[in-house]
Structures are given as C-alpha cells and as structure tokens.
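A.B. asks:
Numbering (the numbering used here), first residue to last: 30 to 286.
#1: Name the DSSP bridge partner or partners of residue 280?
#2: With DSSP as the reference, please indicate the residues paired to residue 195 in a beta bridge.
#3: What's the C-alpha gap between residue 219 and residue 241?
#4: CB-CB under 6 Å to residue 178, same chain, minus the five flanking residues each way: which ones, in chain order?
#5: What first and last residue would you give for the beta strand (DSSP E) that runs through residue 217?
#6: Here's a check: name, in chain order, each residue in its chain whose Cβ is nearer than 6 Å to the Cβ of residue 248, leaving out the five neighbours to either side.
#7: Using 10 angstroms around the beta-carbon of residue 40, count the other beta-carbons present and answer buried if the total reaches 16, otherwise exposed.
#8: Whole angstroms is fine: what's the gap from residue 162's alpha carbon to residue 216's?
#9: According to DSSP, simplified to helix, strand and coil, what is residue 268?
#10: Note down the Cα distance separating residue 143 from residue 253, rounded to an integer number of angstroms.
#11: Pick out whichever of 210, 107, 272 and 238 has its Cα sitting closest to the Cα of residue 230.
#12: As an exercise, report each continuous alpha helix (DSSP H) stretch of at least 4 residues that is fully enclosed by the segment 88 to 120, in chain order.
#13: I need the DSSP call for residue 285, collapsed to helix, strand or coil.
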C-alpha cells in the first residue's frame, strides 16, 4: 500500500484581505492529495483518492469480452461508473438503483472519456475494463478526484493482466488527471472545496494528459461571466496543478510511457 502527500505548490505572498482557504493554502495551491493503492482485495486494481476531505474509492475490473457493438473489432473498451454513497454528503444521498441520475451519468461518461484518451484499445484486445468510482465523502472536486484515482486503479489492473501473461504489453499510452478551478469572491482559485464551489461565480474542471494535452474543459458562469484573460489564468493554474497530480500518480505506480 503506497501513500504520498503532495507538497504545496509555490506559495505567493498571502493576501490578508481575502478569506482564508482550507488548510491555509494560497489561491494556486491544491488541498493535500493522497493516492493509496491496493485497498480492495477483490479488485484487479484499486486506489483511494483523497483531495482534502473528499475521498473517492476507485476500483478497476478487467473482464473478457466487449459490448455487442464492439465485437469483432479486435479492440477493447474502458468504461466507468460513478456513485455517491448515502452518507457522503451532509444530508443523506439516496441510493441509485434502476434509474441513473443525470449528474452521475454525466460524471461517469467524463471519467470514461478521460481514461480512454490514454489507452490503446487495439493493444488492449477484446477486454472490457470497468472503473467504479464511489464517493465515500464529498467536499468538492469528486469528479476530478475520480479521474485521478481511476487512472491509478486502471494502471494496476492492466499491469496485473500483463504480469499474468494475458496481455502482451501495457496498453496505456500515458497518464491522465483532473483538477477543479474557479472564480470565488472575484479571486481565481485552484482545487475548490465545497464551500468555495457552492459560492463560485465561475466553475471550471480541467482534464489533461501527462504531456499537457487537454482532454476536456468544463466551465460554467454560475453567477458571473469570465474574461478571456481570467480563463487563460485559470487554465495555466490548472495545468500546473495537474502536473503535480501526474507526478503523484507516477510516484505510486512507477509508470513510464
């Protein structure tokens, strides 16, 4: 089991007029991040992703076969499911049974797209990998923690099959991680916790590969618009944060593409 805490990013001079952030961090600092592997005995790969008080259990399961529409393609498939456990929020979240909530579907599709961006499906062969992301505790950034932790679980699951001789070589082409950003009380902030996210004027999520390629940008003007200069500043801030997450992933997995 591997545990790593991320050191703080470069710390600018404190703005004493601004509300203090959680963990006493600066505007461009993430919360403490921990990626803990091998936490589920029966999963092919697993990772507990912790971004401050947000905790997401990510597991990856490899199964032979692919969806019907993909049969005969000699290519595999990577997909994801996302759910929030009942006590993960301050008021009980109802379990999802037959019907999937729109938010959960949107997030699990995002996680799946992000993981497929760094996986060679033909090298995988006709196998399906399902990454389950279950939110144990929510304090903002659950989708970004899911993506970051799911990559570690995916890596370990695939490596297990390579070690067993079931896959010739690791089908990953790189790493992928995600981080949230936003504009809160006219300040540009990295890695929003729930109090910040719930009051954000602008909410942004960024998904990037290890080499800096942008997989997806999700942004919404919740209470105000944002200028092009502010958007560029948020993206720069986000990419710097993601490089730290990529480094942490690499530390715990030893991955090298």
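C-beta atoms are modelled at their ideal positions from N, C-alpha and C, and glycine is treated no differently.
C.D. replies: Here's the rundown:
#1: Paired residues: none, contrary to the question.
#2: Note: residue 195 sits in no beta bridge, so no partner.
#3: 17 Å
#4: 76, 78, 85 and 87
#5: 216 to 219
#6: 233
#7: Low confidence applies to residue 40: its pLDDT is 38, below 50, so where it sits in the model is not reliable enough to give any reading.
#8: 31 Å
#9: helix
#10: 28 Å
#11: 210
#12: Note on the segment 88 to 120: there is no whole alpha helix (DSSP H) run with a minimum of 4 residues.
#13: coil
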